[in-house]
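Colleague: Mapping of the sequence shown onto numbering that gives the first Met the number 0: residues 0 to 498, in sequence order.
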Amino acid sequence: MVHSQLSICTIFLIGVVLEVSALEKYTAAVYEHAVILTGETPKLVTREEAVQQMNKNLDVLEEVTKTAAALGSHIIVLPEDGIYGWVFERKTLYPYLEDIPDPQENWIPCTDPQRFGSTEVQERLSCMARNYSIYVVANMGDKKSCNSTDPKCPKDGHYQYNTDVVYDPKGKFLARYHKYNLFETEMPYFDFAKEPQFVNFNTSFGRFGIITCADILNFREPAVSLVEVFKVDTILFPTAWTNDLPLLSAIQFHSAWAMGMRVNLLSANIHKPSLDLTGSGIFTPNGAQTYYFDMKTQEGRLLIAEVDARPRQSPTYPPPVNWSLYASDPKHFFPQADVFTGTIYFDNFTFTELSQEAGNHTVCQKGLCCHLSYKMAEKCNNEVYAFGAFDGLHVVEGEYYLQVCALVKCSTMDLKSCGQEVATARTKFDYFSLSGTFNTSYVFPEVLMTGTQLAPGEFKVLTDGRLISSHGLSKPVLSVALFGRWFEKDSPHPQSASP
Numbered sequence: 000m001v002h003s004q005l006s007i008c009t010i011f012l013i014g015v016v017l018e019v020s021a022l023e024k025y026t027a028a029v030y031e032h033a034v035i036l037t038g039e040t041p042k043l044v045t046r047e048e049a050v051q052q053m054n055k056n057l058d059v060l061e062e063v064t065k066t067a068a069a070l071g072s073h074i075i076v077l078p079e080d081g082i083y084g085w086v087f088e089r090k091t092l093y094p095y096l097e098d099i100p101d102p103q104e105n106w107i108p109c110t111d112p113q114r115f116g117s118t119e120v121q122e123r124l125s126c127m128a129r130n131y132s133i134y135v136v137a138n139m140g141d142k143k144s145c146n147s148t149d150p151k152c153p154k155d156g157h158y159q160y161n162t163d164v165v166y167d168p169k170g171k172f173l174a175r176y177h178k179y180n181l182f183e184t185e186m187p188y189f190d191f192a193k194e195p196q197f198v199n200f201n202t203s204f205g206r207f208g209i210i211t212c213a214d215i216l217n218f219r220e221p222a223v224s225l226v227e228v229f230k231v232d233t234i235l236f237p238t239a240w241t242n243d244l245p246l247l248s249a250i251q252f253h254s255a256w257a258m259g260m261r262v263n264l265l266s267a268n269i270h271k272p273s274l275d276l277t278g279s280g281i282f283t284p285n286g287a288q289t290y291y292f293d294m295k296t297q298e299g300r301l302l303i304a305e306v307d308a309r310p311r312q313s314p315t316y317p318p319p320v321n322w323s324l325y326a327s328d329p330k331h332f333f334p335q336a337d338v339f340t341g342t343i344y345f346d347n348f349t350f351t352e353l354s355q356e357a358g359n360h361t362v363c364q365k366g367l368c369c370h371l372s373y374k375m376a377e378k379c380n381n382e383v384y385a386f387g388a389f390d391g392l393h394v395v396e397g398e399y400y401l402q403v404c405a406l407v408k409c410s411t412m413d414l415k416s417c418g419q420e421v422a423t424a425r426t427k428f429d430y431f432s433l434s435g436t437f438n439t440s441y442v443f444p445e446v447l448m449t450g451t452q453l454a455p456g457e458f459k460v461l462t463d464g465r466l467i468s469s470h471g472l473s474k475p476v477l478s479v480a481l482f483g484r485w486f487e488k489d490s491p492h493p494q495s496a497s498p
């Protein structure tokens, strides 16, 4: 089991304090990159061929970084897999990897490129940061040799890590993070980090922490401790996130996570609509500052926005929420109507149909009871909505325990379709109030409108745990949810379970 509190001696911490005046706000940039892939099938290439391929993407990423800096950005986040893609077997990935040293080495790759061998990618990233005077956050591959003295050493004699790197505006190598929570599809060619790394660093515009993709969902560490123990102001988040409606599209969950954790999140995704890869944004404790979701175009997109450097010190910082306070009061329970089972992302929800234009419902599953009060602007005769609860262990493409209350649009008039993916709707809601008897304090409020669009400023979370919109949403609703993670009931992490 992953423990919520780790000994301070196990923590990998980078702290760099810059001798400049503190800024109250800063300008952030994220880039959703239409990555140039290595091909449709894995192919073994030479190191020279790998560098040539990676430079195709780096050329694009450098131009975008130059633009972001010219527009006043202090930092840019580039996506996971953005330099070489994901079409690999373990041996075909190896030529794309570099030996990334410990950041304590005090190294500027741009001015000293030969110090650690073949480091062409690190040199380019360092020079991008140095030439345009901007913090650069990128994702690449690290290799580390090992031998039989290490019982976990892979058979090919080296570890391969999915790695985030950070360079400061002088090109200095500042931080390195090995991804701890691998997604199922990358396990054949990447190795788990041996333990969670709590990589964070100081700047004149706040403290930053780094996580990658599945780190935000699959396990507690390192994401939660970066926020709660190390008190980072902003999470840097390279990702290659496949959208899974109705509850796990990229912008939907990442915006909700920033609100639930009350922290800034700079999320840079891959742009590959044919694989449902799109959705990036600059998210804050109060919602999305800017975001991008586009399933039609093939080009990348640069997003830039100003955010609070230290949101906890802002007068608009949201107060803590007791997620079960309102819902646990017996007087807020409504008589339970007829229920049926529907599936969302392989999880069996207990649903009830919203058959009227307005109503009050309570739906329970195991220890979770979800309450909904709502009023539709007008009920469309050819659309069906359902309200449901799930309290259980998710076991497909990762194992993690969920408690979820969700209002969803069904994909057809058949109740069996409730929970299936649907991207458009015509029914608007004048009012909703959603709450649940959660056993966890990690609850993420989601509101998603037709066309997979967010609703910043159109809803709010009350301190008693209610997610409400009292003035109506501007567009029809796809889903409204309180998405809870009960970390104490997770399965053991694959790394802790291995011999």
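C-beta: ideal position from N, C-alpha, C; glycine also.
#1: Give every residue of the same chain whose Cβ lies closer than 7 Å to the Cβ of Leu12, excluding the five residues on either side of it in the sequence, and list them in chain order.
#2: Hey, how far is the Cα of Ala213 from the Cα of Asp489?
#3: Measuring CB to CB, does Met448 end up less than 8 Å from Leu433?
#4: On the CB-based measure, 16 or more other CB atoms within 10 Å of its CB, does Met139 come out buried or exposed?
#5: Report buried or exposed for Arg425, applying the criterion of at least 16 other Cβ atoms within 10 angstroms of its Cβ.
#6: Give me the Cβ distance between Ile107 and Lys169, rounded to the nearest whole Å; I'm assuming they're in contact under 8 Å.
#7: Have a look at Glu305 and Arg465 and give me their C-alpha separation to the nearest angstrom.
#8: Between the Cα of Glu31 and the Cα atoms of Glu457, Pro153 and Leu301, which residue gives the shortest distance?
#9: Among the residues of its own chain, which have a CB less than 7 Å from the CB of Thr315, if the five just before and after it don't count?
#10: Pull up the CB-CB distance for Ser266 and Phe282, whole angstroms please, since I reckon it's below 8 Å.
#11: For Pro237, count neighbouring C-beta atoms within 10 Å of its own C-beta (all shown protein chains included) and say buried if the count is 16 or more, exposed if not.
#12: Starting from Gln288, follow the alpha helix (DSSP H) in both directions and report where the run begins and ends.
#13: Rounding to the nearest angstrom, what Cα-Cα distance links Pro318 and Met258 in this structure?
#14: So for His492, helix, strand or coil by DSSP?
#15: Would you decide whether Ser478 is buried or exposed? Buried here means 16 or more other CB atoms lie within 10 Å of its CB.
#16: Give the DSSP-derived three-state secondary structure of Ile234 in the structure shown.
#17: Let me know the secondary structure DSSP gives Tyr400 once reduced to three states.
#18: Roughly how many whole angstroms lie between the Cα atoms of Cys368 and Ala357?
#19: Pull up the distance between the alpha-carbon of Cys404 and that of Gly483, whole angstroms please.
#20: In whole angstroms, give me the CA-to-CA distance for Ile7 and Ile82.
#21: Let me know if Asn381 comes out buried or exposed under the rule of 16 or more other beta-carbons within 10 Å of its beta-carbon.
#22: With distances taken from CA atoms, which of Val164, Glu487, Ala33 and Glu97 is nearest Ile74?
#23: Decide if Leu70 is buried, meaning its Cβ has at least 16 other Cβ atoms within 10 Å, or exposed.
#24: Based on the DSSP output, what are the partners of Ala174 in its beta bridges?
#25: Restricting to runs no shorter than 3 residues, where is the beta strand (DSSP E) found entirely within the stretch 289–373?
#26: What residue ranges within the stretch 63–141 form continuous beta strand (DSSP E) runs of no fewer than 3 residues, ordered along the chain?
#27: How long is the line joining the alpha carbons of Asn56 and Val34, rounded to whole angstroms?
#28: So is His470 buried or exposed if we call it buried at 16+ other beta carbons inside 10 Å?
#29: Rounded to a whole number of angstroms, what is the C-alpha to C-alpha distance between Phe431 and Asn438?
#30: Please list the terminal residues of the continuous alpha helix (DSSP H) segment that includes Gly259.
#31: So Phe389 and Asp346 are in contact, right, with Cβ under 8 Å, and what is the actual spacing, rounded?
#32: What is the DSSP secondary structure of Asp390, counted as helix, strand or coil?
#33: What does DSSP give as the partner residue(s) for Arg484 in the beta ladder?
#34: So who's on the other strand from Ala27, going by DSSP bridges?
#35: Expressed to the nearest angstrom, what Euclidean distance is found between the alpha-carbon atoms of Pro153 and Cys145?
Modeller: Answer, in terms of the structure:
#1: Numbered from 1 along the sequence shown, position 13 holds the residue referred to as residue 12. Confidence in Leu12 is poor, its pLDDT being 43 and thus under 50, which makes the residue's placement too unreliable to answer from.
#2: For the purposes of this step, residue 213 is identified with residue 214 of the sequence shown, where counting begins at 1. For the purposes of this step, residue 489 is identified with residue 490 of the sequence shown, where counting begins at 1. About 14 Å.
#3: Here residue 448 refers to the residue found at position 449 of the sequence shown. Here residue 433 refers to the residue found at position 434 of the sequence shown. Cβ distance not < 8 Å, so Met448 and Leu433 don't count as in contact.
#4: The sequence position of residue 139 within the sequence shown is 140, counting from 1. Result: buried.
#5: Here residue 425 refers to the residue found at position 426 when the sequence shown is read from its first residue. Taking all protein chains in view, the Cβ of Arg425 is surrounded by fewer than 16 other Cβ atoms within 10 Å, so the residue is classified as exposed.
#6: Stepping through the sequence shown from its first residue, residue 107 is reached at position 108. Stepping through the sequence shown from its first residue, residue 169 is reached at position 170. Separation of the CB atoms of Ile107 and Lys169 is rounded to 7 Å, and the pair is thereby assigned contact status at 8 Å.
#7: As a first step, residue 305 is located in the sequence shown; it is residue number 306 there, counting from the start. As a first step, residue 465 is located in the sequence shown; it is residue number 466 there, counting from the start. The straight-line gap from Cα to Cα measures roughly 29 Å.
#8: Taking the sequence shown and counting its residues from 1, one reaches residue 31 at position 32. The residue with the shortest Cα to Cα distance from Glu31 is Leu301.
#9: As a first step, residue 315 must be located in the sequence shown, where it is residue number 316. If we look at Thr315 and ignore the five residues flanking it on each side, its Cβ neighbours are Asn285.
#10: Residue numbering aside, residue 266 sits at position 267 when the sequence shown is read from its first letter. Residue numbering aside, residue 282 sits at position 283 when the sequence shown is read from its first letter. Cβ-Cβ separation between Ser266 and Phe282: approximately 7 Å, consistent with a contact (criterion under 8 Å).
#11: Counting from one through the sequence shown, the residue named residue 237 turns up at place 238. The residue in question, Pro237, is buried, as its Cβ has 16 or more Cβ neighbours within 10 Å.
#12: For this step, residue 288 is matched to residue 289 along the sequence shown. According to the DSSP assignment, Gln288 belongs to no alpha helix (DSSP H) but to the beta strand (DSSP E) extending over Gly286 to Tyr291.
#13: Residue mapping note: residue 318 aligns to position 319 of the sequence shown, counting from 1. Residue mapping note: residue 258 aligns to position 259 of the sequence shown, counting from 1. Using only the alpha carbons, I get a separation of about 11 Å.
#14: Stepping through the sequence shown from its first residue, residue 492 is reached at position 493. Reduced to three states, the DSSP call for His492 is coil.
#15: If you number the sequence shown from 1, residue 478 lands on position 479. Around the beta carbon of Ser478, 16 or more other beta carbons sit within 10 angstroms, so the residue counts as buried.
#16: For the purposes of this step, residue 234 is taken as the residue at position 235 of the sequence shown. Correct three-state label for Ile234: strand.
#17: Counting from one through the sequence shown, the residue named residue 400 turns up at place 401. Strand at Tyr400.
#18: Position 369 of the sequence shown holds residue 368. Position 358 of the sequence shown holds residue 357. In a straight line, the C-alpha of Cys368 is about 20 Å away from that of Ala357.
#19: Counted from its first residue, the sequence shown places residue 404 at position 405. Counted from its first residue, the sequence shown places residue 483 at position 484. About 8 Å.
#20: Reading the sequence shown from its first residue, position 8 is the one you call residue 7. Reading the sequence shown from its first residue, position 83 is the one you call residue 82. Per-residue confidence for Ile7 stands at a pLDDT of 33, beneath the threshold of 50, marking its modelled position as unreliable; no derived number is given.
#21: Indexing the sequence shown from 1 puts residue 381 at position 382. Asn381 comes out exposed.
#22: Taking the first residue of the sequence shown as 1, we reach residue 74 at position 75. Comparing Cα positions, the closest option is Val164.
#23: In the sequence shown, the residue the question calls residue 70 occupies position 71. Exposed: under 16 other Cβ atoms inside 10 Å.
#24: What you label residue 174 is simply residue 175 of the sequence shown in a count that begins at 1. DSSP output for Ala174 lists Val165 as bridge partner(s).
#25: Here the runs fully enclosed are 300–307, 339–343, 346–352 and 357–364.
#26: Restricted to the stretch 63–141, the beta strand (DSSP E) segments that are unbroken, complete and at least 3 residues in length are 74–76, listed in chain order.
#27: For the purposes of this step, residue 56 is taken as the residue at position 57 of the sequence shown. For the purposes of this step, residue 34 is taken as the residue at position 35 of the sequence shown. Straight-line Cα distance between these residues: approximately 7 Å.
#28: Position 471 of the sequence shown, counting from 1, holds the residue named residue 470. It counts as exposed.
#29: Locating residue 431 in the sequence shown gives position 432, where the first residue counts as 1. Locating residue 438 in the sequence shown gives position 439, where the first residue counts as 1. Rounded to whole angstroms, Phe431 to Asn438 spans 22 Å at the Cα level.
#30: For the purposes of this step, residue 259 is taken as the residue at position 260 of the sequence shown. Start and end: Ala249 to Met260.
#31: Mapped onto the sequence shown, residue 389 falls at position 390. Mapped onto the sequence shown, residue 346 falls at position 347. Correct: roughly 5 Å between the Cβ atoms.
#32: Translated into positions along the sequence shown, residue 390 becomes position 391. In the structure shown, Asp390 sits in a strand (DSSP, three-state: E or B).
#33: Looking up residue 484 in the sequence shown gives position 485. According to DSSP, Arg484 shares a beta bridge with Leu401.
#34: Working through the sequence shown from its first residue, we reach residue 27 at position 28. Partner(s): Ile74 and Ala304.
#35: Locating residue 153 in the sequence shown gives position 154, where the first residue counts as 1. Locating residue 145 in the sequence shown gives position 146, where the first residue counts as 1. Pro153 and Cys145 have their alpha carbons spaced roughly 8 Å apart.
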